[in-house]
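Trainee:
2 protein chains.
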Amino acid sequence: MDSGTLFFLAPLGSITALIFAYIFHKRMVSQDEGDELMREIAKSVRTGAMAYLKEQYKAVLVFFIFAFIFIGFLSFVLKVQSYWTPFAFITGGFFSGLAGFIGMNTATKANSRTANAAKTSLDKALKVAFRSGAVMGLTVVGLGLLDISVWFMILRKFYGNNFHIITTTMLSFGMGASAQALFARVGGGIFTKAADVGADLVGKVESNIPEDDPRNPAVIADNVGDNVGDVAGMGADLYESYCGSILSAAALGAAASVSLSLSSGTSFNLIILPMIIAAIGIAASVVGIYLVKTREGADQMHLMESLNKGIDISSLIIAVLAFFVIKFLLHNTGINYINIWVSMIVGLFAGIMIGKVTEYYTSFAFKPTKFIAEQSKTGPATVILAGLGESMTSTGFVVLIVSAAIVLSYLFSSGFDIANISLGLYGIAISAVGMLSTLGITLATDAYGPIADNAGGNAQMSRQKEEVRERTDALDALGNTTAATGKGFAIGSAALTALALLASYIEEIRVALMRIADKTNGIITIEKETYRLTSQEIAKLDIVSLMNMYSIHLLNFRVLVGIFIGAMMPFLFSGLTIKAVGRAAGKMVEEVRRQFRDIKGIMEGTVKPDYAKCVSISAKAAEKEMILPAVLAVVTPIVAGLILGLSGVMGMLAGALGSGFVLAVMMANAGGAWDNAKKYVESGEHGGKNTPNHIAAVIGDTVGDPLKDTAGPSLNILIKLMSMVAIVTAGLIASFSLF
Amino acid sequence: MDSGTLFFLAPLGSITALIFAYIFHKRMVSQDEGDELMREIAKSVRTGAMAYLKEQYKAVLVFFIFAFIFIGFLSFVLKVQSYWTPFAFITGGFFSGLAGFIGMNTATKANSRTANAAKTSLDKALKVAFRSGAVMGLTVVGLGLLDISVWFMILRKFYGNNFHIITTTMLSFGMGASAQALFARVGGGIFTKAADVGADLVGKVESNIPEDDPRNPAVIADNVGDNVGDVAGMGADLYESYCGSILSAAALGAAASVSLSLSSGTSFNLIILPMIIAAIGIAASVVGIYLVKTREGADQMHLMESLNKGIDISSLIIAVLAFFVIKFLLHNTGINYINIWVSMIVGLFAGIMIGKVTEYYTSFAFKPTKFIAEQSKTGPATVILAGLGESMTSTGFVVLIVSAAIVLSYLFSSGFDIANISLGLYGIAISAVGMLSTLGITLATDAYGPIADNAGGNAQMSRQKEEVRERTDALDALGNTTAATGKGFAIGSAALTALALLASYIEEIRVALMRIADKTNGIITIEKETYRLTSQEIAKLDIVSLMNMYSIHLLNFRVLVGIFIGAMMPFLFSGLTIKAVGRAAGKMVEEVRRQFRDIKGIMEGTVKPDYAKCVSISAKAAEKEMILPAVLAVVTPIVAGLILGLSGVMGMLAGALGSGFVLAVMMANAGGAWDNAKKYVESGEHGGKNTPNHIAAVIGDTVGDPLKDTAGPSLNILIKLMSMVAIVTAGLIASFSLF
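Chains A and B supply the protein sequences, listed in that same order. Number 224 in this note's numbering belongs to position 224 of the first sequence; there are no gaps in the numbering. Number 394 in this note's numbering belongs to position 394 of the second sequence; there are no gaps in the numbering.
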């Protein structure tokens, strides 16, 4: 077998993923949806979610049309980008949206079926919920790898072995995926948290009715929000990380091939390597998904073990198979295949470690969350301070893990020759691919969370027996932990992917420069220096020389200003989204209060509240408020680039990566810990429910909600989207910047 | 007159400052200290403050002894640093401590005298408070400039015109000042906020007694805290920024001289230029201080105008005089003196602009703080979210102002030749000097705040007439605004200074390399490359070549990991200090509750609470909790350097600067806005005092307290201390790092 044949594992893997997603979906749909009331509730949630998603996609479509015209202008009028770019951009956005849609469609169908299965047994409920989550996981990896393999095959027809052009062109489809993901995350995040905060503030705090109580007018909006935010948003987010890591690894593989003067066969192998690892990951994920099961009366620990078993075995399969694949692709090429394999393992392992740290900082089995819960004794202020303090401290370990992963994957893949920069950077990208290789199953555990949460809501609202609700509660509690570890994983992979994108950026600069050289017959002026370089010579320039030409060093004032602006962006972006949630939640609070006041009989349960009104408030707020942050994320790299030039853009990307990564970890852990501290108090500690301590803990949770579900997860996308915009506009900036 | 004579303006200016500080202090002391009760309260506060400061200095002394031994080991055993370094380090720490001590000593004497003066008139009270603040302002600039001029004179005797060695050696005394400042800020910040939060939570929220009520056992501790945190801490902080900006400008001036092959006369002029600007600033500040006065019944706006008039006129005087001085020093040298002057003006102006933005985001005259106050209608959670949202958004403008200052000062001073990097960096440092040139008066307005605050406390506790308390309240309210703008100013100047220190770091690397070359007869190995370079040749290497030798570019994996770790440090550090405050405040809450419970008659006002116990809780907590964050700040750059090398350290400094600057702005503005939102509610808006809305606003203020007074301001020092540690250990890392 030759590696050209092996490549077909990638499309094959992607189709396998989609087939299994279809199977899981079909089986789930064949389950009983429960009684009349359960169906009705599920239908309200589904209708609300689909109506919102439709509106969101309309707004996104407008953005995509403008962006398509802009990128088309760059490609066809200014001729500073490849002709393929606008089309690649569109497919990325389309598939990302499709993955989100399929995942959410599945989730909204699975809610009542999970609740109904909980009537039978815990295991059955777990399987329905988890395998529905798996539909999402497998759809994301399936569509991602499909898009990548198809583009790779198309572009090979046109460019043959000119891998450098092929891979840098493909990178641009990441911008489409990132842009769509940002809208999904920000819009979905605002939707869900406006509803959640509004429902909690009036329902739990003011009127003292329990969570998911059907008397609360915002309860359907809250459930809709779980689907549009946590399912569709998360799916689009990881779709984009997944593609970004594979694409940047491919681009860096192509770059390494040129700088090490490798044969075109070896280049091909380096480029398809991340795609094959992804394909293996899909197979391993399917196996892992089948391993997740439980028995009746299982406790939290056992349920978690069951999920972990699935993930661990998948990881093990990937680790073993990847060894043989990498050996097959790289032996006798002069590249030490064991070292590349170790880089991949480093990423895989770092992902698991980040999950553990996140669990430590957010689960009430451990000291930090216990401390936060204890601080409820002195009121909400100390709960907030404890949460801020613990979550800020937690960034230390996560950063150390990612730092260690970067250092180790670089050192191994470069063969411990730190000057071998192109292979070292390739190794960092491969470690990101390794971390994300288990995405099929890890995303399943993640998407499972909101399904279980909604199933609980369904059971509560349809007034199921105590025993049913106990089962859905058990699944939901587990979902909180997987959501927190899933977030840690999303952040860690985003950091590594963004780093790989930063490294790929220099390759886009190279291609832009080659294009300029072709136009000017090899006479190019950079930073007031004039060079005589043909595009062939530029293609062979080593990375460091290229960076020196553009003064991309740490005392270039444009790099420094870029770092400042980049470091500020995640804060500004978070500030805008948090304020948006605050405004929308304020409206929701007023509406819920109004309904309690004006609609007689709600509190007695004799009259149904106007759920649709609350859904529409969330939807309108989300659509309106997602525009400014998203536009800012797209426009800033372009404006900064036009003023500060390529070196300023690189500084900006590095600054945004540094502060965005840390801020995202902090927000995710703060929100998770406050949520679980509240649950800990509700479990009877520190006075239990309906005490001032409980109210203090609920306030903490409410503050954490937009941090962990709106601003925080959007930051992962922000740093990648900014990189992607920079990549797509590299040609523009190279030709037209002020400095 | 030659420039050698002109230099004596620097020591002259410093002595002038100290003389005026002495005069103001003497006049203040001659004022009547008020009645028996006022004296007694003032004495309690003074005794508590002095006792704590003594303990703090003891702890700091232990640290300094260890650090002195370590630096001595570097200098005399490993011989990787100048022999002068340990001694310069010590004097920096000593003078910083002395400035804090004098400022605090003055403040504690001024409290009751201000309260007593308020019996006569508002103007008299303002003058006593403000001129006592001026003692601090003038002491800081006086001692700072004195230390610098004396060291400059001493080192010139030994090294003559070898300015490069002189200035890089002098930089190391900044490490002493930074280390002492960090202890003062962190210790003082923990002390004051433990007391403040504890007093507020039990007093205001639980027991419903007003602020500064003598029945509150923590009230004296709270007043002591204002002095040790806001006065001594702030003084040490700005002492260190002030010296850092002058020293780094001098070092970059020396570097520019070498790289532009300037005559030794011109070099001398470039080096003394920042010192002379500082001397002019002192004279202008004294004039400005005399202009601050008010009339009876003046409103907030008028009081603010009066302070602003003082600052504006000082700024104007500096701007005009600096033009002539810079012209005198630089005409006929080939350097465009107008451009350098513009760089200075840019800094001066940026400082004023940052103050305006801070005012906008923290004063309740404007939309953001009004919005936060309005959110109190939906409870504490929405108050917190609004504060986080607004303060995160506020970072945008501040970063843009500082970015514009960097770009403009670089462009002008480099004569719009972006390749003229050494002169451009000198310009950035000069803009920092420009921003801090008004420190004599701006620090006076800052130190005035806690004095007015304490005077109000004194008046309240000694049960003065309504009219006296109205006057002290007016002064206190103004103090809140000046404290917020002062913080913005401290952060902005810290960012510019840290940037200048980052640029100076490369000069320390150069000197370290020269030392190595001298030992190895010019054969040096860096990044596995071997060079043949004599120390004379290294001295003349341009900055970019030097950075290329060490691969200090943005795709070096050590730089990237450095950026991650650097970006994380401010978060970790803030997390530790916030948790420390939380723990200490928890103890304070328990103690206050215990006293209310156990000591009969406190609430009736018949029995005095045990104030000393609360003071001692704050003091012990501060002493214990300041160790870990401070040690972390010192150790991290050394450990990171030993593992990642010089390029990693530079990445770390850039990362810490980026995220630390933005986080500090956010924390300061969040805290200031919450504080004023509470005051806005207390003024009668949204229901006024003793409503649920008021409690929500108080909770916001309580959360903001440690952000704005402990963690936030410490970050300014953190980023500079990390730079200073890196500078002092550059020789160690250059010789002994792993990579």
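Backbone N, C-alpha and C fix where the C-beta goes; we use that ideal spot for every residue, glycine too. None of these values were measured; they are calculated from a predicted model.
1. Is A:Tyr531 helix, strand or coil by DSSP?
2. Where does A:Ser314 land, buried or exposed, given buried means 16+ other C-beta within 10 angstroms?
3. Per DSSP, which one or two residues make a beta bridge with A:Thr85?
4. List the endpoints of the continuous beta strand (DSSP E) containing A:Ile524.
5. List the endpoints of the continuous alpha helix (DSSP H) containing A:Arg594.
6. Based on Cα-Cα distance, which residue from B:Leu738, B:Leu657, B:Met650 lies nearest to B:Glu507?
7. Counting only the same chain and skipping the five closest in sequence on each side, list residues whose C-beta sits under 6 Å from that of B:Phe95.
8. According to DSSP, is B:His553 part of a helix, a strand, or is it coil?
9. Say whether chain B places a C-beta atom closer than 8 Å to the C-beta of A:Pro629.
10. Since A:Arg510 is in the alpha helix (DSSP H), which residue starts that stretch and which ends it?
11. Can you confirm whether the region 454 to 462 of chain A touches the region 211 to 226 of chain A when touching is taken to mean that 3 or more C-beta pairs between the two stretches lie within less than 8 Å?
12. Based on Cα-Cα distance, which residue from B:Pro217, B:Ala181, B:Met175 lies nearest to B:Ala195?
13. By DSSP, does B:Met435 sit in helix, in strand, or in coil?
14. In terms of residue numbering, what span does the alpha helix (DSSP H) encompassing A:Asp196 cover?
15. In terms of alpha-carbon separation, which member of B:Thr139, B:Val128, B:Leu554, B:Val592 lies closest to B:Cys614?
16. What residues in its chain sit with their C-beta under 6 Å from that of A:Ala17, if we drop five residues either side in the sequence?
17. When you compare the CB of B:Tyr410 with every CB in chain A, is at least one pair closer than 8 Å?
18. For B:Leu330, I'd like the list of residues in its chain whose CB is within less than 7 Å of its CB, leaving aside the five on either flank, ordered along the chain.
19. So is A:Met435 in contact with chain B if we call contact Cβ pairs under 8 Å?
20. Expressed to the nearest angstrom, what Euclidean distance is found between the alpha-carbon atoms of B:Val135 and A:Glu685?
21. Closest to A:Tyr52 by C-alpha separation, out of A:Glu33, A:Gly189, A:Phe173, would be which residue?
22. Kindly indicate the opening and closing residues of the alpha helix (DSSP H) around A:Thr606.
23. So B:Glu36 is in the alpha helix (DSSP H); what residue range does that whole segment cover?
24. So B:Gly582 contacts chain A; which residues on that side make the cut at Cβ distance below 8 Å?
25. Between which two residues does the alpha helix (DSSP H) containing A:Ile335 stretch?
26. Going by beta-carbon coordinates alone, are B:Ala322 and B:Ala432 separated by less than 8 Å?
27. Between A:Met344 and chain B, is any beta-carbon pair separated by less than 8 Å?
28. Can you find the residues in the same chain that come closer than 6 Å, C-beta to C-beta, to A:Ile277, ignoring five residues on each side of it along the sequence?
29. Does the region 657 to 676 of chain A come within contact of the region 577 to 592 of chain A, defined as at least 3 CB pairs closer than 8 Å?
30. Thinking C-alpha only, which one of A:Leu738, A:Ala483, A:Gly48, A:Ala455 is nearest A:Leu642?
31. Are any of the Cβ atoms in chain B nearer than 8 Å to that of A:Ala567?
32. Given that a residue counts as buried once 16 or more other Cβ atoms are within 10 Å of its Cβ, and exposed if not, what is A:Phe24?
33. Using a C-beta to C-beta distance shorter than 9 Å, which residues of chain A count as neighbours of B:Gly92?
34. Closest to A:Gly100 by CA distance: which of A:Leu576, A:Gln180, A:Lys720 is it?
35. What span of residues does the alpha helix (DSSP H) with B:Asp701 cover, start to end?
Mentor: Walking through what the data contain:
1. strand
2. buried
3. Bridge partners of A:Thr85: none, in fact.
4. 523 to 526
5. 557 to 598
6. B:Met650
7. Leu143, Asp147
8. strand
9. no
10. 466 to 519
11. yes
12. B:Pro217
13. helix
14. 173 to 199
15. B:Val592
16. Leu138, Val141, Gly142, Ile282
17. yes
18. Asn269, Tyr337, Ile340
19. no
20. 53 Å
21. A:Gly189
22. Taken as a continuous stretch (DSSP letters only), A:Thr606 belongs to no alpha helix (DSSP H), as it is neither H nor E.
23. 36 to 72
24. Gln375, Thr382, Leu385, Ala386, Gly389
25. Premise fails: A:Ile335 is in no alpha helix (DSSP H) and is neither H nor E.
26. no
27. no
28. Ala322, Val433, Ser437
29. no
30. A:Leu738
31. yes
32. buried
33. Within chain A, no residue comes near B:Gly92; the closest Cβ sits about 25 Å away, beyond 9 Å.
34. A:Gln180
35. 692 to 706
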